[in-house]
C-alpha cells in the first residue's frame with residue numbers, strides 16, 4: 001500500500017481552492033490515509049479532519065443515554081447543545097444532527113464545533129447522535145440509532161426546552177445519508193414531523209460508480225474522498241451487496257410516494273467531491289415530486305470542506321449558509 005507523503009494529483013491542482021492546497025501541503029500530505037490502515041488506527045489518531053474553527057460558547061451542553069424503545073442494542077448516546085439567549089414562545093426549535101465519517105469513523109465529539117454554530121446562529125437546540133459504527137455494527141445499526149434518537153427527541157424535546165412541532169434534521173456525508181433515510185422513515189411510519197432537512201455532502205446512492213459524472217471525473221484524482229476510499233467505507237457499512245439498493249441504505253431508491261412526503265431540503269455539495277453528482281440526483285428526485293429543494297455548490301473544494309471551516313473561507317461560508325437556512329426554516333427570516 002502507498003505510504004506518505006500523498007501529493008495532490010497534478011490534474012486536480014488547477015481546479016483546487018488555493019487555501020485548501022496550501023493547508024493540505026502543510027498539514028495533510030503526510031497523514032496516513034484511512035483506507036490504507038486498520039480502522040482502529042484511524043479512530044485513535046486524534047482529530048478526524050484538521051482545520052475546524054473554535055466552537056462558539058453555547059448556554060449549555062449535556063449528554064444523555066437513550067434507552068431503546070424499538071430496536072435491539074445498547075443505549076444510544078446523544079449530546080444536546082442549548083443556544084444562548086431567550087427561548088422563543090413555545091420553546092426552541094430542535095435540530096437533530098448526524099455526524100460524518102463514512103459510518104466507520106467519528107463519534108459524539110465529531111463536528112461539535114459545527115453543532116455550536118447550528119445552536120447559536122440557527123437558533124435551535126441541537127442534538128447530535130453517537131450512532132454505532134461499522135464494521136463492528138454494519139447496516140442498519142446506524143439507521144436504527146438515528147431512529148431511536150428521533151423518537152427520543154419527540155418524547156423528550158419539551159423537557160429539554162424545545163418545541164417538538166419544530167424539528168429539523170441534518171448531517172454531513174454519512175450523516176447526510178442518515179438524514180435522508182430518517183426523513184423517509186418518518187414518512188413511512190407517520191410518526192411526528194420533520195419540517196426541514198439539511199444534506200451536507202451526502203451519500204445518497206451506495207451503488208454509485210462512474211455512471212455518475214463526479215465519480216468519473218474526480219474519482220481517482222480528488223483529495224479527501226477519492227472513489228477507492230468511498231468504496232472502502234461502503235463495504236464496511238454494507239458488506240451484503242443486496243442491501244445497497246434498499247432505500248434505508250441508499251435513499252435515492254425511495255419511492256416517489258415516500259419522497260413526496262419528505263420535508264423541504266437544503267443540499268450543499270463540494271465542487272470537487274466524488275459524491276456531488278449523486279447528491280444532485282437525489283435533489284432532482286425530491287424536486288420532481290414537489291419537494292422544495294435548494295442546492296448550493298462550493299466550487300474548488302473537496303468533500304471535507306465543512307470540517308475545515310477554520311482554514312477555508314468556503315467551509316465557513318457553508319457553515320453560515322446552514323445556520324441561515326435553519327433560522328429561515330424555523331423563524332421565517
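In the working numbering, the protein residues as written are 1 to 333.
Even for Gly, the Cβ is constructed at its ideal location relative to N, Cα and C.
- Per DSSP, the unbroken alpha helix (DSSP H) holding residue 326 starts and ends at 313-331.
- Of all C-beta pairs linking the segment 265-276 to the segment 314-326, three or more are shorter than 8 Å, placing the two stretches in contact.
- Membership of residue 141 in the alpha helix (DSSP H) is indicated by the continuous run 141-156.
- Each of 112, 307, 26, 221 was checked against the Cα of residue 15, and the nearest Cα belongs to 221.
- Within the same chain, Cβ atoms closer than 6 Å to the Cβ of residue 236 are found at 104, 134, 135, the five residues on either side in sequence being excluded.
- At least 8 Å separates the beta-carbon of residue 275 from that of residue 298.
- The Cβ-Cβ distance between residue 278 and residue 208 falls below 8 Å.
- Taken in chain order, the complete beta strand (DSSP E) segments of 3 or more residues contained in the segment 33-114 are 60-66, 76-82, 92-98.
- A Cβ-Cβ contact shorter than 8 Å links residue 92 with residue 124.
- Counting only residues of its own chain and dropping the five nearest sequence neighbours on each side, residue 290 has a CB closer than 7 Å to the CB of 260.
- Segment contact: the segment 238-250 against the segment 12-30, fewer than three CB-CB distances shorter than 8 Å; contact not assigned.
- With a minimum length of 4 residues, the unbroken runs of alpha helix (DSSP H) contained wholly in the segment 240-288 fall at 256-259, 276-288.
- When the alpha-carbon of residue 329 is set against those of 176, 193, 168, 70, the nearest one is in 168.
- CA-to-CA, the gap between residue 52 and residue 160 works out to about 28 Å.
- The beta-bridge partner set that DSSP reports for residue 296 consists of 268.
- Within the same chain, 196, 197, 198, 199, 283, 286, 291, 292, 293, 294 come within 8 Å of residue 265 by CB-CB distance, once the 5 residues on both sides are set aside.
- Spanning the alpha carbons of residue 193 and residue 12 requires a straight line of approximately 42 Å.
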